Every structure is written in C-alpha cells, then in structure tokens.
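Below is one structure, written out as structure tokens, with a few remarks after it.
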Amino acid sequence: MKRRADADGGAVDDGTKLSRSRFRLSDDFFDRPCQEVAVGLLGQTLVRQQEDGSQLRCRIVETECYLGVVDKACHTFGGRRTEKNAPMYMKPGTSYVYFTYGMYHCFNISSKEEGSAVLLRAAEPLEGEQTMQQHRRAHLKTPRDKAWKQHELCNGPSKLCMSLAIERFTCNAKDLTQWTGLWLEEAERPAEAVVTSTRVGIDSVEKEWRLKPLRFYLLGSKSVSRRDKEQEGKIT
DNA sequence: AGACTGATAATCT
DNA sequence: GATTATCAGTCTG
Numbered sequence: 000m001k002r003r004a005d006a007d008g009g010a011v012d013d014g015t016k017l018s019r020s021r022f023r024l025s026d027d028f029f030d031r032p033c034q035e036v037a038v039g040l041l042g043q044t045l046v047r048q049q050e051d052g053s054q055l056r057c058r059i060v061e062t063e064c065y066l067g068v069v070d071k072a073c074h075t076f077g078g079r080r081t082e083k084n085a086p087m088y089m090k091p092g093t094s095y096v097y098f099t100y101g102m103y104h105c106f107n108i109s110s111k112e113e114g115s116a117v118l119l120r121a122a123e124p125l126e127g128e129q130t131m132q133q134h135r136r137a138h139l140k141t142p143r144d145k146a147w148k149q150h151e152l153c154n155g156p157s158k159l160c161m162s163l164a165i166e167r168f169t170c171n172a173k174d175l176t177q178w179t180g181l182w183l184e185e186a187e188r189p190a191e192a193v194v195t196s197t198r199v200g201i202d203s204v205e206k207e208w209r210l211k212p213l214r215f216y217l218l219g220s221k222s223v224s225r226r227d228k229e230q231e232g233k234i235t
C-alpha cells in the first residue's frame with residue numbers, strides 16, 4: 000500500500016499535539032473490493048476539517064458493505080441511476096451522503112465494484128468532543144442542555160453525521176483522497192478482533208440479501224451501534 | 001440495556 | 001401515495 004504524506008489535506012501540525020498518523024488514505028486504498036475497504040477502514044481515523052481551523056477526529060469502529068448493482072439492498076441495485084445515487088458510481092473514494100427518514104443523513108464511501116459503497120456506521124471520538132456535543136444538540140427537536148456519553152456521540156450512522164456536521168449540501172460527491180473538508184488517515188492496526196454480522200435497517204429486503212454477513216465491527220468497542228452476541232460468541 | 005413508537009420530508013413509483 | 005441503510009423519548013426490567 001502506497002502512502003502519501005498529508006500535505007494538502009489537514010491543518011498543519013502546530014506542534015502543540017503529540018505526533019499522530021499523517022498518512023491520508025489514497026486512491027489505492029479505496030480502489031479495492033467493497034469488503035476489503037469496509038474491513039480496512041476499521042481502526043482508521045476519520046477527520047473533519049472545521050471552518051475555524053480545528054479538526055474533529057474519530058476512530059472508525061463499524062462499517063457496512065453495499066455491493067453495488069448486484070446487491071438487492073443497495074441503492075444502485077439492477078443498475079438504477081438517479082441524481083441521488085450518482086456518487087456510488089463515481090471514482091472509488093467518493094463520498095455518498097444522502098438524506099433519509101426526513102431528518103437524518105448517512106455517509107458512505109464508494110469502492111471498486113460498479114455502484115458499490117461502504118456505509119460508515121460508528122466511530123469513537125478522538126478530538127473535538129465538545130464541538131461534537133454542540134453539533135448533536137443542534138439537532139434536538141427541543142433545544143436543551145443535554146450531554147451525551149463519549150461512546151454515544153458517534154454510535155450510529157446518522158449520529159456520526161450529526162457529530163461531524165456531515166450533510167449532503169456540503170459533503171456529498173467529494174473525492175475524499177483530495178478534498179480538504181473531510182478525509183481518512185491511516186492509523187495503527189486495531190488490536191480488537193473484527194466481528195462479522197448482518198446489515199442493519201434493511202428489513203424489507205428479501206432474505207438472501209438481508210442476511211448476508213456484510214457488517215463489520217471491532218469487538219469490545221463501546222461505540223458499536225448494535226452488537227451481535229451470537230457472532231461474538233464464535234470469536235475465540 | 002433492550003423494546004417500542006412517533007417524527008418528518010426528500011425521493012421514487 | 002409509499003417508502004425510508006434512523007434516532008430520541010419513554011417505558012420496562
């Protein structure tokens with residue numbers, strides 16, 4: 000895997016923080032089969048650049064595969080093309096941010112197969128937790144002085160979007176290997192085992208595709224959105 | 001921690 | 001007109 004220093008993406012390290020990974024995930028990371036990208040993203044760092052120069056950072060702990068035109072649960076199944084799903088057909092590493100349930104967003108990254116993408120489902124906050132709390136509060140129906148536990152900030156696909164201020168008008172159809180607003184950085188290989196389970200929230204899909212093992216998460220992370228006790232029991 | 005329910009609007013049929 | 005890759009609030013244990 001080739002590496003490239005993050006010269007154009009993130010804020011310049013001002014020396015006040017300890018050394019951290021500075022290798023931005025690039026084309027050769029995303030231009031791989033959906034399942035490789037989904038598993039490979041576990042443990043990596045998702046970075047959101049704020050307008051004030053600060054960064055929001057989190058560690059990805061849960062992902063899901065949407066395999067493209069062959070996948071009955073996928074927005075591009077059968078080769079369907081709409082204005083909304085267009086980013087899924089774009090270059091691997093392109094963001095696909097869509098609005099759902101009249102209120103929420105989901106954030107995906109396109110991968111190699113035609114129409115495929117990885118849904119980012121959960122992450123652990125690393126930096127900017129107070130800003131994440133503010134972003135979450137801004138979405139409350141009735142504004143109040145609520146605070147979430149750290150592991151509750153990004154433990155779901157739309158919570159992750161709220162915390163990082165990811166929405167379709169600003170973040171959709173971006174090349175995440177180039178854009179300065181949002182990118183991924185290589186981190187240490189996770190020590191946790193990877194749990195494989197079924198995808199969430201696709202109940203109307205026929206059984207064959209609904210039950211495929213296409214969700215991946217890091218065992219033991221408190222930020223995982225839904226644990227699969229049965230699968231965890233099979234891990235030694 | 002888990003189960004249940006209502007909310008809410010863009011998108012597609 | 002139906003559906004939705006979800007969440008917050010409430011209730012229960």
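Under numbering that gives the first Met the number 0, the first residue of the first sequence carries the number 0, and numbering increases by one thereafter.
Just so you know, even glycine gets a beta-carbon here, dropped at the ideal spot from N, CA and C.
None of the values given here were measured: they were computed from a predicted structure.
In this structure, residue 222 lies near residue 122, with their beta-carbon atoms less than 8 Å apart. Assignment of residue 44 by DSSP, reduced to helix, strand and coil, places it in the strand class. For the pair residue 49 and residue 126, the Cα-to-Cα distance works out to about 12 Å. Boundaries of the alpha helix (DSSP H) harbouring residue 157: 156-162, taken from the DSSP string.
DSSP places residue 182 in the uninterrupted beta strand (DSSP E) bounded by 181-184. With a minimum length of 3 residues, the unbroken runs of beta strand (DSSP E) contained wholly in the stretch 193-220 fall at 193-196, 214-217. Taking a contact as a CB-CB distance under 8 Å, the pair residue 94 and residue 181 counts as one, their CB atoms being some 7 Å apart. When C-beta atoms of the stretch 130-149 are compared with those of the stretch 158-169, three or more pairs fall below 8 Å, so the two segments count as touching. Rounded to whole angstroms, the Cβ separation of residue 194 and residue 149 is 21 Å, and the two are not in contact under 8 Å. When the Cα atoms are used, residue 151 and residue 104 turn out to be separated by approximately 17 Å. Your pair residue 42 and residue 186 checks out as a contact, with CB atoms roughly 6 Å apart and the cut at 8 Å. Burial is judged here by how many other beta carbons sit within 10 angstroms of a residue's own beta carbon; residue 203 has fewer than 16 and is exposed. Listed in chain order, the non-local C-beta contacts of residue 88 below 8 Å within the same chain comprise 75, 80, 109, 113, 114, local neighbours out to five positions each way being set aside. When secondary structure is reduced to three states using DSSP, residue 172 falls in the coil class, being assigned neither helix nor strand. Listed in chain order, the non-local C-beta contacts of residue 155 below 6 Å within the same chain comprise 224, local neighbours out to five positions each way being set aside. The beta carbons of residue 97 and residue 83 sit closer together than 8 Å.
Under the rule that a run must span 3 or more residues, the beta strand (DSSP E) segments found entirely inside the stretch 45-117 read 54-65, 94-99, 103-109. Around residue 33, the same chain offers 64, 65, 66, 67, 110, 111, 112, 115, 116, 117 as residues with beta carbons nearer than 8 Å, after the five sequence neighbours per side are excluded. Here DSSP, grouped into helix, strand and coil, assigns residue 167 to helix. Annotation for residue 234: 192, 194, 218 place their beta carbon closer than 7 Å to its own, counting only its chain and skipping 5 residues before and after.
Relative to the Cα of residue 172, the nearest Cα in the group 86, 130, 146 belongs to 86.
Judged by beta-carbon spacing, residue 62 lies within the 8 Å limit of residue 119, meaning their Cβ atoms are closer than that value. In this chain, the alpha helix (DSSP H) harbouring residue 27 covers 26-29.
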